[in-house]
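Notes to accompany the following structure.
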Amino acid sequence: MKNLPNSERLESDFFSKDVLEVAPALLGKTLIRLFPDGRTAKFIITETEAYRGEEDLACHASKGRTNRTEIMYHNGGYIYIYLIYGMYWMLNIVTGKEGYPQAVLIRGLENLYGPGKITKFLGIDKSFYGENLVTSKRIYICNNSNPVTYNSGCRIGIDYAGDIWKNKPWRFTLEENKKKI
DNA sequence: TGCACGATCTCG
DNA sequence: GAGATCGTGCAT
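The first sequence maps to residues 0 to 180 in numbering that gives the first Met the number 0.
This is the structure we're talking about:
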């Protein structure tokens, strides 16, 4: 952190805002992972998706409060992680206020695109479920003061959610990153 | 207790 | 374009 100029760790007030505000705001921020062997990985976040409330049929919380979705009902700043297709861990960040389930899926990092590839490369698995980004010693996010521009589009892989939710423009991509993907 | 189904990726 | 592979939620 000390050799990352112009940046500081994001606090809980950042994550406690509505997911539709936090998801695009995470673009351009730096995700930092401290590995057990002492190595540090830093990546700019380039693509996110918002999942918002029990009424959002694409959001896992649409099934209600269960063991899996429990963490999404907390106030923002926690990690929600789950297994997809039997082999890939998806990294999500819980946002918003207590009792209103929502989360941001981290889909892309600079030079590391793909939600499954991100967790594989960063060594993130179920043990990170419920991790607090504000206090964790192995993963956190830093602010970058540079302003960013972004585009929005439809979320990926949620055909089952129905037209209304499928067509919400809740996927956000860093504009500068388009040419790199 | 069993079953169908993914917020995906890699290989052919 | 298909297969890998398993936790979860919902139906028995």
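Backbone N, C-alpha and C define an ideal beta-carbon position, used for all residues, glycine too. Just so it is clear, the structure is predicted and the values come from calculations on it, not from any experiment.
Considering residue i, what are the terminal residues of the beta strand (DSSP E) in which it resides?
i    : result
S11  : S11 -> not in any beta strand (DSSP E); alpha helix (DSSP H) instead, spanning S11 to F14.
E20  : Unbroken run through E20 is the alpha helix (DSSP H), V18 to A24; no beta strand (DSSP E).
T45  : T39 to R51
L173 : R170 to L173
G152 : Y149 to G152
I31  : T29 to L33
When the Cα of residue i is compared with those of the options, which residue comes out closest?
i    : options                   : result
G107 : M89, P100 and K96         : M89
D17  : T45, K28 and I92          : I92
N131 : E174, H73, K41 and L111   : H73
Y128 : Y99, S144, R67 and C141   : R67
Y99  : P114, A60 and G115        : A60
Y87  : W169, N142, D124 and C141 : D124
T39  : L121, E53, D55 and T45    : L121
P23  : E53, K136 and I43         : I43
F171 : D162, W164, C153 and K165 : C153
N142 : P35, I31 and S15          : I31
I70  : N150, E97 and G156        : E97
G115 : D162, D55, G52 and L82    : L82
L173 : P35, Y112, R51 and S126   : Y112
E54  : E20, L19, D36 and Q101    : Q101
What separation, rounded to the nearest whole angstrom, lies between the Cα atoms of residue i and residue j?
i    : j    : result
I80  : V103 : 11 Å
Y159 : S11  : 33 Å
K177 : G76  : The predicted model places K177 with a pLDDT of 46, which falls under 50 and marks its position as unreliable, so this point remains unresolved.
T47  : I105 : 5 Å
L33  : I78  : 16 Å
I138 : R64  : 26 Å
F13  : Y84  : 31 Å
N145 : K119 : 28 Å
N110 : G52  : 31 Å
K215 : I157 : Since the first residue of the chain shown is 0 and the last is 180, residue 215 is not available in this structure.
K62  : G161 : 15 Å
A151 : P168 : Per the sequence presented here, residue 151 reads as Ser, with Ala not at that position. Taking the straight line joining both Cα atoms gives about 6 Å.
E7   : S135 : 14 Å
I155 : V133 : 28 Å
Looking at the unbroken alpha helix (DSSP H) that takes in residue i, where does it start and where does it end?
i    : result
D162 : D162 to K165
Please indicate yes or no: does the CB of residue i lie closer than 7 Å to some heavy atom of the ligand NAD?
i    : result
C141 : Looking at this structure, you won't find the ligand NAD or any other ligand, since it has none at all.
Quiz item: What residue ranges within the region 80 to 144 form continuous alpha helix (DSSP H) runs of no fewer than 4 residues, ordered along the chain?
Solution: Uninterrupted alpha helix (DSSP H) stretches at least 4 residues long and entirely within the region 80 to 144 occur at 114 to 121, given in chain order.
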